[in-house]
């Protein structure tokens, strides 16, 4: 059974470029693939931004507690 690895955002971007060329050349038959790749990329970026926001907020709260306890 093949191993499952995570596809990078860069690979998704490359895939979007390929599918865009396919759509340009062959028409909308590949449009669902394009939309799927766009959706996956946006979901990943959104998740990443949400996690970073939470970590930044947590770090800010920890720093405030440290300052107040001094």
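In this note's numbering, the protein residues as written are 145 to 214.
Glycine residues also receive a C-beta, built at the ideal position from the N, C-alpha and C atoms.
Alpha-carbon to alpha-carbon, residue 205 and residue 184: 32 Å
Using 10 angstroms around the beta-carbon of residue 199, count the other beta-carbons present and answer buried if the total reaches 16, otherwise exposed. exposed
Supposed contact pair residue 163 and residue 177 - C-beta distance, whole angstroms, cut 8 Å: 5 Å
Anyone know if the C-beta pair for residue 188 and residue 153 falls short of 8 Å? yes
C-beta atoms of residue 166 and residue 181 nearer than 8 Å: no
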